[in-house]
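Residue numbers (the working numbering), protein chains in the order written: chain A, 1159 to 1308; chain B, 1159 to 1308.
2 protein chains.
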Amino acid sequence: MSKTPAPPPVTVTSLLMEVSRLLRARFREQAQDWELTQPQWLALAHLNKTPGLTQSELAERLEVSKVTVTQLVDRLEKSGWLRREAHESDRRATRLQLTDKAAPVTAELWRVGAVVRGQALAGLSAGEREQLESLLQRVKTNLSGAAAKE
Amino acid sequence: MSKTPAPPPVTVTSLLMEVSRLLRARFREQAQDWELTQPQWLALAHLNKTPGLTQSELAERLEVSKVTVTQLVDRLEKSGWLRREAHESDRRATRLQLTDKAAPVTAELWRVGAVVRGQALAGLSAGEREQLESLLQRVKTNLSGAAAKE
DNA sequence: GACATATGGTTAGCTTACTAACCATTTGCC
DNA sequence: GGCAAATGGTTAGTAAGCTAACCATATGTC
């Protein structure tokens, strides 16, 4: 009575962040043979699909800041997954190219992604999966727009 | 044809991690007056509800590793939100106590949490919110259990 | 053409999260 | 009682994300 209903600290938001942490952990387990993390894998996948992206373009696709991409690319370059190449018309920009080392792996990695996704979504019907995705998409839209407001 | 349907890099998993990032960002915006982040706020909330938790107990409630709690508590202690006190019967353990500085704020912070949650869930009916929470809960259970199994 | 502004990237410094390795106690078993 | 194993915390090192501040080059306007 004195404490106002004391809302349980487990809210949708913290639940969501927990799930995000767990996803990262599971991915690490699955992908450890290649020594790649989920964000790294995602970057390679984008570059596999669209070679020659600039860092800005990659940042936009990954929906992270350009600083994050700089560091991500640093690590991927150091490990030999990709190269930074000069942009032919804009001397500020760098184009990203996968190395030969990366080519054979990207396909395999989709399988890893599928495994983790399979673990996560086990027991959910096709309808429920769609529903989850669509709800998350709406939440994402809400949060993306909310930045400017007031 | 040559590229196998090329699944779009936007999967439920990456969508989920994006939303998690956005939540963190929105929370930072809302809570910046107190210079507290979402995990810090969550820790204070737990301690407000259950004073005297040990770090291990807090780690369990937050569902993060004890290392993470060590660092989190380091920062919270340095900023004067809480104290580490000796455990009365276990000399290894430390009990966490909120300081006077923290007391008045914890209540306010629930409001902040509610604001962010409100932004995130805007436009979702009560039923949809429940559905989202229940789906996430199932995903979380899947991922928690998946660790052991091969 | 010159200067203000916008854009591409980097550096520095922060928080959160992790694993691995390590002390110091406590507990359990013989 | 004594020793092995479990538990509570910390330290070191890494990845991912951010903001703020900063170069260098492009672009746009006068």
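In this text, a Cβ means the ideal position worked out from N, Cα and C, and glycines have one as well. Every value quoted in this text rests on a predicted model; they were computed, and no experiment measured them.
Taking 7 Å as the limit between beta carbons, can you name the residues of its chain near residue i, skipping five residues before and five after?
| i | result |
| --- | --- |
| B:Thr1257 | Gly1238, Trp1239, Leu1240 and Arg1241 |
| B:Ala1260 | Leu1202, Trp1239 and Leu1240 |
| B:Lys1224 | Gln1213, Ser1214 and Ala1217 |
| A:Ala1306 | With a pLDDT of only 39 at A:Ala1306, under the threshold of 50, the placement of this residue in the model should not be trusted; the figure read from the coordinates follows. Closer than 7 Å at Cβ, skipping near neighbours: no residue. |
| A:Thr1264 | Leu1202, Ala1203 and Asn1206 |
| A:Pro1209 | Gln1255 and Leu1256 |
Taking DSSP as the reference, what is the three-state secondary structure of residue i?
| i | result |
| --- | --- |
| B:Leu1240 | strand |
| B:Thr1208 | coil |
| B:Leu1234 | helix |
| A:Leu1252 | It is Thr, not Leu, that sits at residue 1252 of chain A in the sequence shown. DSSP places A:Thr1252 in strand when its eight states are reduced to three. |
| A:Ala1272 | helix |
| A:Ala1280 | coil |
| B:Lys1259 | coil |
| B:Leu1290 | helix |
| B:Leu1173 | helix |
| B:Ser1214 | helix |
| A:Ser1302 | helix |
| A:Leu1194 | coil |
| B:Val1222 | coil |
| A:Glu1246 | coil |
How would you call residue i, buried or exposed, if buried means at least 16 neighbouring beta carbons within 10 angstroms?
| i | result |
| --- | --- |
| A:Gly1281 | exposed |
| A:Val1228 | Per the sequence shown, the amino acid found at residue 1228 of chain A is Thr instead of Val. A:Thr1228 should be labelled exposed. |
| B:Ala1189 | buried |
Could you name the residues of the same chain whose beta carbon sits closer than 8 Å to that of residue i, not counting the 5 residues immediately before and after it, in chain order?
| i | result |
| --- | --- |
| B:Leu1211 | His1204, Leu1205, Arg1219, Arg1253 and Leu1254 |
| A:Leu1233 | In the sequence as displayed, the identity of residue 1233 of chain A is Arg instead of Leu. Cβ within range, chain order: Gln1198. |
| A:Arg1186 | Thr1195 and Gln1196 |
Just to confirm, are residue i and residue j a CB contact at a threshold of 9 Å?
| i | j | result |
| --- | --- | --- |
| A:Met1175 | B:Arg1269 | no |
| A:Val1170 | B:Ala1278 | yes |
| B:Leu1301 | A:Val1177 | yes |
| A:Lys1236 | B:Leu1180 | no |
| B:Leu1293 | A:Leu1293 | yes |
Grab me the residues of residue i's own chain with a C-beta within less than 6 Å of its C-beta, minus the 5 sequence neighbours each way, in chain order.
| i | result |
| --- | --- |
| B:Ala1251 | Thr1212 and His1245 |
| B:Ala1200 | In the sequence as displayed, the identity of residue 1200 of chain B is Leu instead of Ala. No residues qualify anywhere along the chain. |
In whole angstroms, give me the CA-to-CA distance for residue i and residue j.
| i | j | result |
| --- | --- | --- |
| A:Leu1290 | B:Glu1291 | 10 Å |
| B:Gln1295 | A:Leu1173 | 7 Å |
| A:Val1274 | A:Arg1184 | 7 Å |
| A:Ala1284 | B:Asp1191 | 43 Å |
| A:Pro1262 | A:Glu1243 | 21 Å |
| A:Asp1248 | A:Val1222 | 22 Å |
| A:Glu1193 | A:Thr1226 | 19 Å |
| B:Arg1287 | B:Gly1276 | 11 Å |
Quick check: does the Cβ of residue i come within less than 8 Å of any heavy atom belonging to the ligand GTP?
| i | result |
| --- | --- |
| B:Trp1239 | Annotation note on the ligand GTP: not contained in the displayed structure, which lists no ligands. |
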